Amino acid sequence: MLTAFDFVDLMGTFAFALSGATAGVKEDFDFFGVFALTTVTAVGGGVIRDICISDLPPAGLTSIPCLLAIVAALVCVSFFQRVILSFEKATLFFDALGLGFFAAFGANKTWQYSHNVELSILLGCVSASGGGCLRDLLTGKPPGIFSQDIYASAAAAGAALELCGSAGLVPQSVSAWVAVATCTLIRLISLKYKIGLPSIKHNGL
Amino acid sequence: MLTAFDFVDLMGTFAFALSGATAGVKEDFDFFGVFALTTVTAVGGGVIRDICISDLPPAGLTSIPCLLAIVAALVCVSFFQRVILSFEKATLFFDALGLGFFAAFGANKTWQYSHNVELSILLGCVSASGGGCLRDLLTGKPPGIFSQDIYASAAAAGAALELCGSAGLVPQSVSAWVAVATCTLIRLISLKYKIGLPSIKHNGL
Amino acid sequence: MLTAFDFVDLMGTFAFALSGATAGVKEDFDFFGVFALTTVTAVGGGVIRDICISDLPPAGLTSIPCLLAIVAALVCVSFFQRVILSFEKATLFFDALGLGFFAAFGANKTWQYSHNVELSILLGCVSASGGGCLRDLLTGKPPGIFSQDIYASAAAAGAALELCGSAGLVPQSVSAWVAVATCTLIRLISLKYKIGLPSIKHNGL
């Protein structure tokens with residue numbers, strides 16, 4: 008039976024995979040290149056997290072549902088590009104939901120392995136945004152999240168909230184939903200009103 | 008005593024190292040830069056595989072034969088550039104042989120550690136082509152294998168065939184040779200007839 | 008109580024963090040981007056080392072002093088850019104000291120885990136220069152240490168000297184100081200007299 012947890016996991020992975028597949032097509036990669044970029048974008052963040060907490064082999068590389076989400080994204084960019092375009096808003100929504108979900112899930116998993124707050128927030132963030140960074144690097148760009156919108160910092164907020172539950176300060180069922188909702192909302196508001204983080208002014212440097 | 012296995016391993020590593028060393032000289036890196044790029048290209052794929060299956064420290068970073076192959080490649084680009092050029096076809100042959108060998112070896116090793124088909128094919132592929140990807144990234148280019156010739160997909164085919172033996176469907180001595188030969192042949196045919204994988208047409212994206 | 012060891016560790020990390028923070032501001036990254044680049048530059052080399060020797064989670068991601076050095080670097084680039092510029096020479100000095108310190112410390116730690124000379128020198132080098140390589144990659148450049156000054160090869164010299172102590176050839180208290188001093192001196196001399204490693208001449212390639 009597909010739980011709400013599984014559903015959000017799957018749709019988030021699919022949204023991430025779709026952003027990788029789309030980037031691959033835009034770069035004119037061949038079919039293998041698009042597959043590789045899709046896979047790295049979809050599971051890259053979780054793989055880095057799992058390597059850092061030594062939960063190996065990384066879950067993302069052995070998961071059949073993940074593979075299906077990747078294949079679905081490849082089918083979409085191969086045959087349904089116009090459909091992708093007309094569902095662009097839905098994709099952004101699921102990407103934001105995936106961001107919140109992976110931030111909370113990644114922070115909680117890291118906490119189980121390490122009981123370290125700093126590490127759990129960092130790796131919650133990496134779980135949610137690492138795949139997108141690798142996608143940008145593999146297409147020859149500095150990570151977009153270093154200069155655009157609010158993305159990874161929304162993930163950091165979600166990870167921090169999730170930890171309140173992991174650490175037993177509030178019931179975990181509450182913290183998980185609050186974490187995912189807060190991160191997703193911050194992200195969606197940032198997108199809708201084009202709010203970004205301030206950058207640091209040059210003053211001599 | 009040097010077995011056929013050791014010989015193919017060594018010549019494959021040497022061919023990979025040579026492609027890294029050549030790329031480093033073309034980028035006008037200094038001697039350390041050429042050494043670093045050579046090392047990453049020669050052993051990078053295997054290191055990523057070993058990290059993912061937690062066989063640490065990575066074999067490629069502690070292997071004297073690997074180091075000798077790297078040193079030999081450095082000697083070649085330092086003193087025998089014309090020789091490299093006149094043996095370009097031999098190098099491409101050994102690179103193709105290395106591709107097949109590392110795909111089969113990487114898939115088999117991953118299978119021993121994980122008994123997971125998806126992971127074994129992915130990491131067989133990464134063993135064979137990861138070093139080249141890192142070489143391209145470190146010289147500021149998206150991975151060439153994402154858009155040129157047939158390379159990593161030949162490795163995927165080799166890895167899949169090897170697994171038929173690892174999983175006991177056919178005798179392993181048979182599957183290993185079939186895997187290496189098939190991958191090498193696909194690669195050589197792709198090179199000779201300039202056959203690449205199709206890319207995905209833009210249709211709105 | 009802060010020992011000499013802790014002090015050098017902290018000042019070295021701070022110098023590395025500052026180079027990451029400065030690069031982030033120059034790239035016009037937003038506040039999160041500058042934070043991420045600062046963190047990767049400060050602890051990236053040690054994280055790669057710890058992953059390769061399977062000492063997980065990586066020490067750099069769970070260390071409060073490291074985090075404080077990163078925060079201090081962020082405060083400096085946010086409010087004291089002119090101060091950074093007027094202390095440029097001090098920063099280069101601490102960067103050179105950090106290079107020596109991390110090379111020696113990384114080589115020694117790797118030796119404790121592996122008792123392998125090749126690995127210990129390689130990872131000593133990576134500890135000291137890996138963060139800077141990742142910084143360059145994340146800002147879209149090939150690693151500067153592949154073509155400028157003497158940097159990673161000074162680290163290799165320091166790592167090799169440190170190992171004489173780790174392996175028991177000389178007292179470890181002697182080898183550590185000699186290693187750090189030699190590496191730091193080579194680096195400072197290279198900077199002062201603009202000495203780089205030779206590059207390999209093109210001769211047909």
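Residue numbers (our numbering), protein chains in the order written: chain A, 8 to 212; chain B, 8 to 212; chain C, 8 to 212.
Quick reminder that beta carbons are idealized off the backbone N, C-alpha and C, glycines included.
Quick caveat: nothing in here was measured; it's all calculated off a predicted structure.
- Item | Whole-angstrom C-beta distance between C:Gly51 and C:Gly40, which should lie under 8 Å | Not a contact, Cβ separation roughly 15 Å.
- Message: Whole angstroms are fine: how far does the CA of C:Leu25 sit from the CA of C:Ala80?
- Response: 5 Å
- alpha helix (DSSP H) containing B:Phe153: first to last residue? No alpha helix (DSSP H) contains B:Phe153, which DSSP labels as neither H nor E.
- Item | Cβ neighbours of A:Thr29 in the same chain (closer than 8 Å, five flanking residues each side left out) | Val84, Ile91
- First and last residue of the alpha helix (DSSP H) that includes B:Pro72? 71 to 86
- Item | Cβ of A:Ser134 within 8 Å of any chain C Cβ | no
- Got a sec: which bits of the segment 60 to 72 of chain C sit with their beta carbon under 9 Å from any beta carbon on chain A, in order along the chain? Near chain A, meaning a CB-to-CB distance below 9 Å, the residues of the segment 60 to 72 of chain C are Ser61, Leu63, Pro64, Pro65, Leu68, Thr69, Ser70, Ile71.
- Starting from C:Asp57, trace the alpha helix (DSSP H) both ways and give me its first and last residue. 38 to 59
- What are the residues of the segment 93 to 108 of chain C that lie near chain A, defined by any Cβ-Cβ distance shorter than 8 Å? none
- Message: Let me check one thing: in DSSP terms, what residues is C:Leu206 bridge-paired to?
- Response: According to the sequence provided, residue 206 of chain C is Ser. The question's Leu does not apply to it. BP columns for C:Ser206 point to B:Asp37.
- Hey, quick one: how far does the alpha helix (DSSP H) through C:Gly211 stretch, first residue to last? It is not in any alpha helix (DSSP H) - C:Gly211 carries neither H nor E in the DSSP assignment.
- Item | Closest residue to A:Tyr158 among A:Leu204, A:Asp35, A:Gly172 (Cα-Cα distance) | A:Leu204
- Reference A:Ala111, options A:Ala166, A:Thr189, A:Gln119, closest by Cα: A:Ala166
- Task: Indicate the three-state DSSP secondary structure (helix, strand or coil) for A:Thr117 in the structure shown.
- Result: helix
- Message: Excluding the 5 residues flanking A:Lys201 on each side, which residues of the same chain have their C-beta closer than 8 Å to its C-beta?
- Response: Asp156
- Message: By the three-class DSSP mapping on this structure, what secondary structure does B:Thr10 have?
- Response: DSSP places B:Thr10 in coil when its eight states are reduced to three.
- Task: Output the boundary residues of the alpha helix (DSSP H) element that contains C:Lys199.
- Result: 179 to 199
- the segment 46 to 62 of chain B contacting the segment 188 to 195 of chain A, beta-carbon criterion three pairs below 8 Å: no
- Query: Under the three-state reduction of DSSP, which class applies to B:Phe94: helix, strand or coil?
  - Reply: coil
- Query: Does the Cβ of C:Arg142 have 16 or more other Cβ atoms within 10 Å, making it buried, or fewer, making it exposed?
  - Reply: buried
- Message: Could you tell me the alpha carbon to alpha carbon distance between B:Gly131 and C:Lys148, rounded to whole angstroms?
- Response: 29 Å
- Query: Taking the Cβ atom as the reference point for each residue, do A:Leu106 and A:Ala164 lie within a distance shorter than 8 Å?
  - Reply: no
- Helix, strand or coil: how does DSSP classify B:Thr7 here? Since the first and last residues shown for chain B are 8 and 212, residue 7 of chain B lies out of range.
- Query: Any beta-carbon of chain C closer than 8 Å to the one on A:Glu34?
  - Reply: no
- Message: Which residue wins for smallest C-alpha separation from C:Pro64, given the options A:Glu34, A:Cys59, A:Gly67?
- Response: Considering only alpha carbons, the answer is A:Cys59.
- chain A residues whose Cβ lies nearer than 7 Å to that of C:Arg56: Those within 7 Å of C:Arg56 in chain A number zero; the least Cβ separation is about 13 Å.
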